[in-house]
Amino acid sequence: MLTVDHWDIIGRGDERNCYLHPDNPSRCIKLSRKDKAKQTRRELRYFQTLKRRGIPFTHIPEFFGIVEDEALIGFEQQLIVDDQGNLPPNVAQYLGVPLTPRQISRFWEGLDALKAYLLAYNVVPCDLVMSNLLVIERPDATTVMLIDGLGASELIPLPEYLPWLGKRKIRRKWAKFIAKFVEPHFAAMQTDQPS
Numbered sequence: 018m019l020t021v022d023h024w025d026i027i028g029r030g031d032e033r034n035c036y037l038h039p040d041n042p043s044r045c046i047k048l049s050r051k052d053k054a055k056q057t058r059r060e061l062r063y064f065q066t067l068k069r070r071g072i073p074f075t076h077i078p079e080f081f082g083i084v085e086d087e088a089l090i091g092f093e094q095q096l097i098v099d100d101q102g103n104l105p106p107n108v109a110q111y112l113g114v115p116l117t118p119r120q121i122s123r124f125w126e127g128l129d130a131l132k133a134y135l136l137a138y139n140v141v142p143c144d145l146v147m148s149n150l151l152v153i154e155r156p157d158a159t160t161v162m163l164i165d166g167l168g169a170s171e172l173i174p175l176p177e178y179l180p181w182l183g184k185r186k187i188r189r190k191w192a193k194f195i196a197k198f199v200e201p202h203f204a205a206m207q208t209d210q211p212s
């Protein structure tokens, strides 16, 4: 039985909690109750598929395996932190403070790199929302990581297996994400930036 009562919670969602791994601070464990684990089961299946396909975990957290007991199911994965070991901000948090022109430029480059990664490896997102993407500033570049909301939501997830269909879905979801969330938030929060 998992003794989650003694684990540190680092994130909460509608369906599951994310815990700091009790024995390995470079990893986390995402757990759902088995009776409310639709998202977790989808992502678990999808992470296993990505691992089998040999997809590099450069823009999504590395997957290490299933974690389960009688009541809970989930998975162990890489804990995404910045170079100082801190939890990085999500996109909404990152855009919520004034940014320099250099930070802005690198942020958009980081988003472009994430989109290119998704398309290159047909990594299909289910849920592109600002809280599912973390922004990591490094001396040479800004990396944007998709940490949640992976896998096609269709009953038969054809976009995961047919790259042309997957790429179409990725492009459609990405365009909607940028237009509906990122650009309005950016415009509202970064209006005082020098050009």
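With the numbering used here, letter number 66 in the sequence shown gets 83, and the count goes up by one each step, no holes. The C-beta atom is built at its ideal place from N, Cα and C for all residues, glycine as well. As the structure is a prediction and not an experimental result, all values here were calculated from the model.
Grab me the residues of residue i's own chain with a C-beta within less than 7 angstroms of its C-beta, minus the 5 sequence neighbours each way, in chain order.
i    : result
G91  : R33, I46, K47, L48, S49, T57 and V84
T66  : E177
D100 : R155
L112 : H202, F203, M206 and Q207
If we ignore side chains and look at the alpha-carbon of each, how far apart do residue i and residue j end up?
i    : j    : result
S212 : A196 : With a pLDDT of only 41 at S212, under 50, the local geometry of the prediction cannot be trusted, and the value read off the model is given with reservation. Straight-line Cα distance between these residues: approximately 21 angstroms.
L182 : L175 : 7 angstroms
N149 : D52  : 23 angstroms
P78  : E93  : 10 angstroms
I164 : D129 : 16 angstroms
D31  : A137 : 30 angstroms
Pick out whichever of the options has its Cα sitting closest to the Cα of residue i.
i    : options                  : result
N41  : L89, I97 and R69         : I97
Q110 : E79, I187, V161 and A133 : V161
W191 : K68, S122, L104 and N139 : N139
R44  : G102, K186 and P201      : G102
Exposed or buried, which one is residue i when buried takes at least 16 other CB atoms within 10 Å?
i    : result
G166 : buried
L114 : The amino acid at residue 114 is misidentified as Leu; the sequence shows Val. Looking at its Cβ environment, which holds fewer than 16 other Cβ atoms inside 10 Å, V114 is exposed.
N107 : buried
C35  : buried
R123 : buried
P73  : exposed
Per DSSP, what kind of secondary structure is residue i in: helix, strand or coil?
i    : result
N107 : strand
S170 : coil
Could you pull out every residue in the same chain whose Cβ sits closer than 8 angstroms to the Cβ of residue i, ignoring the five residues on either side in sequence?
i   : result
G82 : F92 and E93
Which residues in the same chain as residue i place their Cβ atom closer than 6 angstroms to its Cβ, once the five residues preceding and following it in sequence are excluded?
i    : result
Q210 : Residue placement at Q210 is poorly supported in this model, since its pLDDT is 48, which falls under 50; the coordinates are not used for a value here.
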